[in-house]
Amino acid sequence: ERVELAIVVADAVRLAGPRLRDENVTLDHAPLDAPLLVMGGPVRLQQVLVNLMSNGIDAMAETADKVLSLWVEESGDVVRIFLRDTGTGLADPDRVFEPFYTTKDVGASKGLGLGLSISYGIIGGFGGQLSCGNWEQGAEFCVELWKAN
Numbered sequence: 751e752r753v754e755l756a757i758v759v760a761d762a763v764r765l766a767g768p769r770l771r772d773e774n775v776t777l778d779h780a781p782l783d784a785p786l787l788v789m790g791g792p793v794r795l796q797q798v799l800v801n802l803m804s805n806g807i808d809a810m811a812e813t814a815d816k817v818l819s820l821w822v823e824e825s826g827d828v829v830r831i832f833l834r835d836t837g838t839g840l841a842d843p844d845r846v847f848e849p850f851y852t853t854k855d856v857g858a859s860k861g862l863g864l865g866l867s868i869s870y871g872i873i874g875g876f877g878g879q880l881s882c883g884n885w886e887q888g889a890e891f892c893v894e895l896w897k898a899n
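Quick note, the sequence shown lines up with residues 751 to 899 if you use my numbering.
1. Could you tell me which residues DSSP puts in a beta bridge with Gln879?
2. When burial is assigned at 16 or more other CB atoms within 10 Å of the CB, is Gly865 buried or exposed?
3. Out of Val829, Leu787 and Leu833, state which residue places its alpha-carbon closest to the alpha-carbon of Leu799.
4. For Met789 versus Arg752, is the C-beta distance shorter than 8 Å?
5. By the three-class DSSP mapping on this structure, what secondary structure does Ala858 have?
6. Grouping DSSP H, G and I as helix and E and B as strand, with all else coil, what is Asp783?
7. Following the continuous alpha helix (DSSP H) through Asp761, name the residue where it begins and the one where it ends.
8. Can you grab the Cα-Cα spacing for the pair Val759 / Trp896, in whole Å?
9. Alpha carbon to alpha carbon, what distance is there between Leu795 and Ser881?
10. Over what stretch of residues does the alpha helix (DSSP H) that includes Leu802 continue unbroken?
11. For the structure I just gave you, are there three or more beta carbon pairs, one from the region 762–773 and one from the region 822–837, closer than 8 Å?
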């Protein structure tokens with residue numbers, strides 16, 4: 751369905767807000783200043799964004815300079831949502847979307863290795879793509895969705 755991206759992103763930021771504050775993470779994000787419609791589902795897209803932010807926060811647990819950046823870029827019929835952290839980076843970027851692959855301690859409050867796999871499936875279900883990689887100071891994820899007409 752057609753989804754107003756600014757609302758979904760704002761809701762995800764609001765939901766992640768308490769954890770960002772508790773973990774002393776600076777959020778580098780400028781809200782969208784114009785309506786931008788993408789194809790997806792609002793609740794599931796919000797779930798993906800919150801999961802990616804949560805993973806970024808986890809990755810910065812032992813980092814002094816904790817910055818989570820979130821921005822949106824448009825290119826033709828495609829909209830990309832980027833999330834970048836200043837954490838430890840991805841040990842094996844080619845495996846992060848595999849079910850049960852995790853670098854966290856396995857347990858009730860740590861990780862099962864399903865969050866990114868589920869997120870990958872959700873974005874794929876929207877006809878989009880979820881990708882990742884490392885940059886100089888941590889990890890970067892990109893959610894690519896089709897712009898709605």
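Glycine is no exception: its CB is placed at the ideal position from the N, C-alpha and C atoms.
With the given structure in hand:
1. The residue given as residue 879 occupies position 129 in the sequence shown. Glu894, per the DSSP bridge assignment.
2. One-based indexing of the sequence shown puts residue 865 at position 115. Flag for Gly865 reads buried.
3. On the sequence shown, position 49 is the one that residue 799 refers to. For the residues Val829, Leu787 and Leu833, the minimum Cα distance to Leu799 belongs to Leu833.
4. Mapped onto the sequence shown, residue 789 falls at position 39. Mapped onto the sequence shown, residue 752 falls at position 2. It is a contact, given that the beta carbons lie within the stated cut-off.
5. By 1-based counting over the sequence shown, the position of residue 858 is 108. For Ala858, the pLDDT reaches just 44, beneath the cut-off of 50, and the residue's location in the model is therefore unreliable, although a value from the coordinates is still provided. Ala858 falls in the coil class under three-state DSSP.
6. Position 33 of the sequence shown, counting from 1, holds the residue named residue 783. Looking at Asp783 - three-state DSSP - the assignment turns out to be coil, as it is neither helix nor strand.
7. On the sequence shown, residue 761 is found 11 positions in, with the first residue counted as 1. From DSSP, the alpha helix (DSSP H) with Asp761 extends over Leu755 to Asp772.
8. Within the sequence shown, numbered from 1, the residue matching residue 759 stands at position 9. Within the sequence shown, numbered from 1, the residue matching residue 896 stands at position 146. In a straight line, the C-alpha of Val759 is about 16 Å away from that of Trp896.
9. In the sequence shown, the residue the question calls residue 881 occupies position 131. In the sequence shown, the residue the question calls residue 795 occupies position 45. Rounded to whole angstroms, Ser881 to Leu795 spans 15 Å at the Cα level.
10. The residue labelled residue 802 in the question sits at position 52 within the sequence shown. Leu802 -> alpha helix (DSSP H) spans Pro792 to Ala809.
11. no
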